[in-house]
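Written below as structure tokens is the structure these notes are about.
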Amino acid sequence: MAEAVLAVFRGTREGGTPVDYRVPIAPGMVVLDALHYIQGHLAPDLAVRWNCKAGRCGSCSAEVNGRPRLTCKTRLDSLPTDKTITVAPMKTFPLIKDLVTDVSWNYQVNKKIPAFSPRPGTDWKMSQADVDRAQEFRKCIECFLCQDVCHVLRDHQKQEHYAGPRFFVRVAGLEMHPLDNLSRIKSIKDQMGIGFCNITKCCTEVCPESIHITDNAIIPLKERVVDQFYDPLVWIARKFRRSGGT
Amino acid sequence: MNEKYETHEHDVLIIGAGGAGLRAAVEALNQGASVGVVCKSLLGKAHTVMAEGGIAAAMANVDAGDNWRTHFCDTMRGGKFLNNWRMAQLHAQEAPDRVRELEQWGALFDRTESGDIMQRAFGGHSFKRLCHVGDRTGLEMIRTLQDRGVSMGIDVYMECTVTRLLKDGDRIAGAFGYWREQGRFVLFKAKSIVIATGGIGKAWKITSNSWEYTGDGMALAYEAGAELMDMEFVQFHPTGMVWPPGVQGILVTEAVRGEGGILRNRLGERFMEKYDPKKMELSTRDVVARSIYTEVREGRGTEHGGAYLDISHKPADYVKRKLPGMYHQFKELADVDITSGPMEVGPTCHYVMGGIRVDAESTQASIPGLFAAGEAAAGLHGANRLGGNSLSDLLVFGRRAGAAAAKHAKETATPTLDAAQVEEAAREILAPFERRDGEGPYEIHRELENTLQSLVGIYRNEEDLNRALTEIERLNERASRVRVEGSRLFNPGWHLARDLKSMLTVAECVTRCALARKESRGAHSRLDFPEYDAAWGKKNNIIVRDGAGMTLRQIPVREMPEELQQLLADQK
Ligand code: SF4
Ligand code: SF4
Ligand code: FES
Numbered sequence: 012m013a014e015a016v017l018a019v020f021r022g023t024r025e026g027g028t029p030v031d032y033r034v035p036i037a038p039g040m041v042v043l044d045a046l047h048y049i050q051g052h053l054a055p056d057l058a059v060r061w062n063c064k065a066g067r068c069g070s071c072s073a074e075v076n077g078r079p080r081l082t083c084k085t086r087l088d089s090l091p092t093d094k095t096i097t098v099a100p101m102k103t104f105p106l107i108k109d110l111v112t113d114v115s116w117n118y119q120v121n122k123k124i125p126a127f128s129p130r131p132g133t134d135w136k137m138s139q140a141d142v143d144r145a146q147e148f149r150k151c152i153e154c155f156l157c158q159d160v161c162h163v164l165r166d167h168q169k170q171e172h173y174a175g176p177r178f179f180v181r182v183a184g185l186e187m188h189p190l191d192n193l194s195r196i197k198s199i200k201d202q203m204g205i206g207f208c209n210i211t212k213c214c215t216e217v218c219p220e221s222i223h224i225t226d227n228a229i230i231p232l233k234e235r236v237v238d239q240f241y242d243p244l245v246w247i248a249r250k251f252r253r254s255g256g257t
Numbered sequence: 016m017n018e019k020y021e022t023h024e025h026d027v028l029i030i031g032a033g034g035a036g037l038r039a040a041v042e043a044l045n046q047g048a049s050v051g052v053v054c055k056s057l058l059g060k061a062h063t064v065m066a067e068g069g070i071a072a073a074m075a076n077v078d079a080g081d082n083w084r085t086h087f088c089d090t091m092r093g094g095k096f097l098n099n100w101r102m103a104q105l106h107a108q109e110a111p112d113r114v115r116e117l118e119q120w121g122a123l124f125d126r127t128e129s130g131d132i133m134q135r136a137f138g139g140h141s142f143k144r145l146c147h148v149g150d151r152t153g154l155e156m157i158r159t160l161q162d163r164g165v166s167m168g169i170d171v172y173m174e175c176t177v178t179r180l181l182k183d184g185d186r187i188a189g190a191f192g193y194w195r196e197q198g199r200f201v202l203f204k205a206k207s208i209v210i211a212t213g214g215i216g217k218a219w220k221i222t223s224n225s226w227e228y229t230g231d232g233m234a235l236a237y238e239a240g241a242e243l244m245d246m247e248f249v250q251f252h253p254t255g256m257v258w259p260p261g262v263q264g265i266l267v268t269e270a271v272r273g274e275g276g277i278l279r280n281r282l283g284e285r286f287m288e289k290y291d292p293k294k295m296e297l298s299t300r301d302v303v304a305r306s307i308y309t310e311v312r313e314g315r316g317t318e319h320g321g322a323y324l325d326i327s328h329k330p331a332d333y334v335k336r337k338l339p340g341m342y343h344q345f346k347e348l349a350d351v352d353i354t355s356g357p358m359e360v361g362p363t364c365h366y367v368m369g370g371i372r373v374d375a376e377s378t379q380a381s382i383p384g385l386f387a388a389g390e391a392a393a394g395l396h397g398a399n400r401l402g403g404n405s406l407s408d409l410l411v412f413g414r415r416a417g418a419a420a421a422k423h424a425k426e427t428a429t430p431t432l433d434a435a436q437v438e439e440a441a442r443e444i445l446a447p448f449e450r451r452d453g454e455g456p457y458e459i460h461r462e463l464e465n466t467l468q469s470l471v472g473i474y475r476n477e478e479d480l481n482r483a484l485t486e487i488e489r490l491n492e493r494a495s496r497v498r499v500e501g502s503r504l505f506n507p508g509w510h511l512a513r514d515l516k517s518m519l520t521v522a523e524c525v526t527r528c529a530l531a532r533k534e535s536r537g538a539h540s541r542l543d544f545p546e547y548d549a550a551w552g553k554k555n556n557i558i559v560r561d562g563a564g565m566t567l568r569q570i571p572v573r574e575m576p577e578e579l580q581q582l583l584a585d586q587k
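These protein sequences, in sequence, are chains A and B.
For the first sequence, this note's numbering gives the first residue as 12, with consecutive numbering after it.
For the second sequence, this note's numbering gives the first residue as 16, with consecutive numbering after it.
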């Protein structure tokens, strides 16, 4: 039977190294199947996160041959199996063990986003066309692959000042909800630090849900920030409103 | 003791963070209780995200004739009248409000022309009833509840496994568990506990369920002395993927049939004409699963031992819009373009109708302070669940559990934790590290999966079930000597060793109940008793722990009031 060799990172925060495992290839096998084979037969304590095995929960993220991916959707036959396949944990997050990282920072960021707040007196009618736009962002499965790949977090470690693409997607979903009544534009600029994004589009490339993170979420949000804070007419209008007019 | 272990105190502790657990948390917070939610995975990853087709609620947005009465009748009929009628009634009456509530918390459902929530057809439902978002309704629901909970300041203990419920005399006092990440122990003190841990499918080989679905909640409740009910009723979803091997069992949503998908055998015959000419592909799940199984067994299966499910007669754009998840799933995992050709599908273990016996109104189990909701609880679905009734179940009874648990906590004094129970729990969970010999948990799990798959599957008989019992006993014996390697730091082998214990407990419950029920009804089909039996139609199986052994008894199905009986007679 044909075999694949996987070099899977084994280790903890104290250190670690890739370890080679030989795995028999079955038709249609995905990287997560190979990791389960390793767990079940070769390394019972190999730490891996997964839930659905169907690309729907976003638990099984890792870097396969250096690229951030869902291991349950990465087929072995899409990779060159004559060479060793490397599987490493997401680099942007602190390591816990093997392929499992500490993603709790994402949950902290999420907490700060003001929740959906419906327009008073709404009759809850919405047209499909209006809903479509926000639905794209609600497809997000929180795999955090976009966070992993974004250089602002990965290379420049701006975690303190920058929320990352996942949360621009979330905010876009709220801002573009047809019945939402709140503006989060100030916090997008100040707390979430959208200015750090220089539109490299790496996040969009890795998103397993094919959300157009940059074009449909980040750029429109950037435009709203500009409109609200830097457009002189808007600025004057705001000043005027504040000084008593309506 | 409190110095020895990390301890958290809450009025209400909720175990499980899927739809039922989160809905319960939101409600208990609403009532002013202090709430903790414990879950085995990260927040937002619970099995609810896998729910695809929709939430059943008689909103009558698409079919004006729909109302709670019809939904009630459909549910009772689907469950072959073993349901707790009161649960079925509350469920049908309250589901529309629970859906509206989700919308008010930010969920974005697909819309009708007039701007209302869109509803689609589903097996066993008389009207277009399932509120949905393409084929990712569960994700929408869990994200909405998660956001709501987070904005209310919910405390979540993620990646934490509860291994024992602690009692103060007869009543609930708290729970003992460990952090999966570091392996450290943690104690919870709580006046009320809500079990919302979902199902048991991981004990079968071919399943749509994730690793979390190991029956923990039912096993915990059972160990604590609570009654379990109707455990023989395990639903095999008719359409799971069958090829390639790695994806075997992954769910193919019923929405494919709801949107007009057609089932055919190898010979191109639309075989549902034989089994249910009236409802065809939209017959109830038990019937469709048995039909596919029979086609395959009689030699009319597809290349990989399934049936063809075809939606390609619909416009490609429509399929991609209504079933985007399915489109990608088949494209990426099976190299099949469902807009131009059929899928191969076969039955997969999906859901358990049985579970913890609860009171209909309050969801309280047979132990004061213990509540259960969602798949972990029994009663609503009887002998077979209708598609779409699960998500609505989570919302309706999740809310009721949260409210009742908060109320119970208000009326109850703070319990004390018993050091002896805690130490016992700690010893038990560490034992696999201390053994010098014994085998690892993976092989035992594989054998359990194979045993249930072949002996406690869609069709059952006395001989197979008896063999299964012997086998489970043997596996239990091996599991009691299981050994794990490595450290306590995020160690899946150790985690599985613990989950295995729950799976073996529920496997035994299912087998014993299946052996007792000498008839075929809903999801329980006995080859040696292929007909309905009127006497069994009036009994629920109850399992309770008696020392180290299980005792089984029957109770009469709760009698329906006159007006509901009349309703069922009228809607024939
Ligand atoms: S486009 Fe912006 S958010 Fe996306 S990876 Fe580049 S810098 Fe990061
Ligand atoms: S936006 Fe895409 S890549 Fe980012 S977390 Fe969501 S699904 Fe993953
Ligand atoms: S396991 Fe759920 S996305 Fe991979």
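A virtual CB, placed ideally from N, CA and C, is assigned to each residue, including glycine.
All figures in this text were calculated on a predicted structure; none of them were measured in a lab.
The Cβ atoms of V27 of chain B and S298 of chain B lie no closer than 8 Å to each other. Contact between L17 of chain A and I96 of chain A holds: their C-beta atoms lie close to 5 Å from each other, under 8 Å.
Using a CB distance below 9 Å, the part of the segment 499-527 of chain B facing chain A consists of V499, E500, G501, S502, L504, F505, N506, P507, G508, W509 and L511, ordered along the chain. According to DSSP, E74 of chain A shares a beta bridge with A:P79 and A:A99. In the three-state reduction of the DSSP assignment, Q250 of chain B falls in the strand class. Just measuring C-alpha positions, the residue of B:D452, B:A110 and B:A103 sitting nearest M74 of chain B is B:A110. In this structure, K554 of chain B places its C-beta atom within 8 Å of the C-beta atom of V572 of chain B.
In the assembly as shown, M341 of chain B is a buried residue. Its beta-carbon has 16 or more other beta-carbons within 10 Å. Taking a contact to require three or more Cβ pairs closer than 8 Å, the segment 422-431 of chain B and the segment 116-136 of chain B do not qualify as touching. In chain B, no part has a C-beta under 8 Å from the C-beta of G175 of chain A; the shortest such distance is about 16 Å. The continuous alpha helix (DSSP H) containing V521 of chain B extends over residues P507 to A531. Contact between P383 of chain B and I307 of chain B is absent: CB atoms are separated by about 45 Å, not below the 8 Å threshold. Among the CB atoms of chain A, one or more fall inside 8 Å of the CB of E227 of chain B. With a threshold of 8 Å between beta carbons, A349 of chain B makes contact with chain A. Around ligand 3, the residues selected by a Cβ distance under 7 Å to any of its heavy atoms are A:L43, A:W61, A:N62, A:C63, A:K64, A:A65, A:G66, A:R67, A:C68, A:G69, A:S70, A:C71, A:L81, A:T82, A:C83, A:K84, A:I152 and A:C154, following chain order. Fully enclosed alpha helix (DSSP H) runs of no fewer than 4 residues occupy 83-93 of the segment 63-115 of chain B, in order along the chain. Put simply, the CB of P35 of chain A is far from chain B, with every gap to its CB atoms at 8 Å or more.
In this structure, DSSP gives C364 of chain B an extended state, which the three-state scheme calls strand. Look at N227 of chain A: its C-beta is not under 8 Å from any C-beta on chain B. Under the Cβ distance rule, E196 of chain B counts among the residues neighbouring chain A, one pair being separated by less than 8 Å. Collapsing the DSSP output to three states places S540 of chain B in a strand.
Take the alpha-carbon of A512 of chain B and the one of G394 of chain B: they are about 30 Å apart. Going by C-alpha positions, D81 of chain B is about 11 Å away from D89 of chain B. Classified as buried, D56 of chain A has 16 or more neighbouring CB atoms from the shown chains inside 10 Å of its CB. Here the alpha carbons of E247 of chain B and V525 of chain B stand approximately 5 Å from one another. In chain order, G175, P176 and C214 place their CB closer than 6 Å to the CB of C161 of chain A, counting only its own chain and leaving out the 5 sequence neighbours on each side. Here the segment 372-389 of chain B does not lie against the segment 109-117 of chain A, with fewer than 3 beta-carbon pairs under 8 Å apart. In the three-state reduction of the DSSP assignment, I277 of chain B falls in the strand class, which pools E and B.
At a cut-off of 8 Å, the C-beta of L57 of chain B has a neighbouring C-beta in chain A.
Only those residues of the segment 245-262 of chain B whose C-beta falls short of 8 Å from the nearest C-beta of chain A are listed: W258, P259, P260, G261 and V262. Proximity of the beta carbon of I224 of chain A to ligand 1 is indicated: a heavy atom of the ligand is located closer than 7 Å. Close to chain A, meaning a Cβ-Cβ distance shorter than 8 Å, are the following residues of the segment 262-273 of chain B: V262, I265 and L266.
Beta-bridge annotation (DSSP): A190 of chain B is paired with B:L180 and B:F203. The beta carbon of W116 of chain A does not come within 8 Å of any beta carbon belonging to chain B, so the residue lies off that interface.
Annotation: T92 of chain A has no Cβ neighbours in chain B at a cutoff of 9 Å; minimum Cβ distance is about 15 Å. Distance from the C-beta of C161 of chain A to the nearest heavy atom of ligand 1 is below 7 Å.
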